[in-house]
Structures are given as C-alpha cells and as structure tokens.
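Peer 1:
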C-alpha cells in the first residue's frame, strides 16, 4: 500500500469524479483508477461503486475514507514533528474563521509567521456549520468561532477575546450617540446571513427585547456589509473587533447599543491524543497573545469614532 493511493481515494471522495480527482492529484485518470483498484485488492474489499463512471463509495469504502484521513493526518503530524525537532518549522496549517473574527485571525497569523516563517497558512472565512464540518473531517486544523456554538466534550476550547456589538453608520448619518435595541430594530439594517452564528446571536437579542429587526439586506461577506453602510443606505450591527482601525473604519462611526452585549470568541481544535506540531505551536501562541488589548487599543485612541450628534 502506498500513501499516494490514500490521496487518490480522498480526492475521488471529494470530487466525486474520476477525471477531476486525477487532475487534482496531477496524475492521469488511468493511474488514479489503477491505484484505487490496487488498494482494493490489498484490502480485499470493494471501496468504490463504479460502472463506466463513479457511483459513490460502498459502505466499506466510507469506513476506509475515515481511516485514510486519520492515516494521512498522522503522517502529516509526524512530518511536522520532525521539522520542529530540527528547529525548522514548516508545513501547512488551515484555520477556519467566522467572518467577524477575521481581523483577530490575521493577528494570530502575523504572530505565527514571525515565529515559524516556513509555513503556509490557509485562513478561510466560513459559517459556523461549515467550520465544524471541516474540523470533524480534519480538513481544518484550528478554528476561531463563538464559544456558544461548540461543546467542550468534542473540542479543545481556548477563549481568546470578547466581541462587543455596536451600531455602525455612515459618517453623515444623524443619530443619538447611544441607541436601545428597540431603536436599532427600527432602522434599515444590513446584517450577516441567517446561516452565520453572529446573525443567530443578534436575532436572539432582538427576540429577548420583544422587537423584530428591519433587515433590508443580508450577506455572508463582511466587506459587502461595510460597503452598504458606507453608502448610507442602511446601518449594521457588528463587533467593534471586526474592524481594522486603519482601514475598516474609514467613513464610518460607531454608536453603543444599550444594554451592552458581548460574545466570547474562542480558538477550537478537535480533541485527540496527539495534536500536530504546527497546531500545537499556534495554540501556544494564541494562549500568550492578549487579543482583547490588541483589538480594543486602537479604538481607545480614537474617541472621535464614537461620535455624539
């Protein structure tokens, strides 16, 4: 059995098509098909349902997929561990992040790159269900998401900072300095889409105040949301920590919402006996970083951002 055969099998399971799977592995379709057939002969079971094309995995094949992922993950961990032992950390680390935590993820990434320069970081902005699915499938090493969305029975959880929700408006908007949740609900709002945990949290807050928000636009992209607010066509509710003080806040002002509401953001990984070396390093770095101060300090130096009108 060769490692490449396991890669072929996982590629076929991902793309559900022999030609596309072969292309992703940079081999010919016959080479991929023959490699998987050889794997089946060695295991003594049929893994793939096929006639002239791919028809899916057999029940036995689904079990083999699970073990193939574990095997390749273990081999990657071994390779990373060897790199760390040689004091030349390198490899690939994938992090899934909810949209509002992208700024925090960039802080972690920058710190990581300073310590381990020979590494490729893959930071993906995803919904919470997508992140948890990819974590469970071991396609993500780490995730940064809401503490209320995960269970410590399945995941290791490291609290990193708290989000504070504010109303974001265009500079020319005329509003009181502070607004209640009821007053905010009456404004034309642009919010993240309903599959995002942030949106579900906000919907829960509005329900707790017996009001329904006037949502005029939904998006899964934070940049679209900010562009809509800058246009002065609508307002939005986001965590202040989601904005970069240098670029993200241009043309915008923030208004506190009373009563104040915060949500904890945490770093998450699957519970397992041995973590990959690169994942372990990232966990240690995150534990030492004071994310809250880093995210809050720029706004403490910009009292003009919280404008009273």
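Residue numbers (the working numbering): 31 to 339. Cβ atoms here follow ideal geometry from the backbone N, Cα and C, with glycine treated the same way.
1) Is the separation between the beta-carbon of residue 252 and that of residue 159 shorter than 7 Å?
2) With a 10 Å radius around its C-beta and 16 neighbouring C-beta atoms as the bar for buried, classify residue 277 as buried or exposed.
3) Less than 7 Å separating the beta-carbons of residue 241 and residue 212?
4) The alpha helix (DSSP H) spanning residue 236 covers which residue range?
5) Would you kindly work out how many angstroms separate the C-alpha atoms of residue 311 and residue 321, rounded to a whole number?
6) How far does the alpha helix (DSSP H) with residue 48 in it reach, from first residue to last?
7) Taking residue 308 and residue 121 to be in contact with their CB atoms under 8 Å, please state how far apart those CB atoms are, rounded to whole angstroms.
8) Does the structure place the stretch 213-230 close enough to the stretch 246-264 that three or more beta carbon pairs sit under 8 Å?
9) Which of the three DSSP states is assigned to residue 324 in this structure?
10) Which same chain residues end up closer than 7 Å to residue 36 when comparing Cβ atoms and leaving out the 5 residues on each side of it in sequence?
11) So residue 298 and residue 180 are supposed to be a Cβ contact under 8 Å. How far apart are they, rounded?
12) Nearest to residue 44 by CA position, among 109, 167, 226 and 136, is which residue?
13) Residue 155 lies in the beta strand (DSSP E); which residues open and close that run?
14) What runs of the beta strand (DSSP E), each 3 residues or longer, lie entirely inside the stretch 168-247?
15) In whole angstroms, give me the CA-to-CA distance for residue 151 and residue 319.
16) Can you tell which of 226, 250, 254 and 215 has the C-alpha that lies nearest to the C-alpha of residue 235?
17) Find the nearest neighbour of residue 182 within the set 162, 198 and 194, judged by alpha-carbon distance.
Peer 2: Working from what's here:
1) no
2) Confidence at residue 277 is low in this model, with a pLDDT of 47, below 50, so the placement of that residue should be treated as unreliable; the coordinate-derived value is given next. That one is exposed.
3) Result yes, Cβ atoms of residue 241 and residue 212 sit closer than 7 Å.
4) 227-238
5) 17 Å
6) That run of the alpha helix (DSSP H) goes 48-54.
7) Rounded to whole angstroms, the Cβ separation of residue 308 and residue 121 is 5 Å, and the two are in contact under 8 Å.
8) yes
9) helix
10) 98, 101 and 102
11) About 6 Å separates the two Cβ atoms, so the contact holds.
12) 167
13) 148-155
14) 172-176, 185-200 and 218-222
15) 18 Å
16) 215
17) 162
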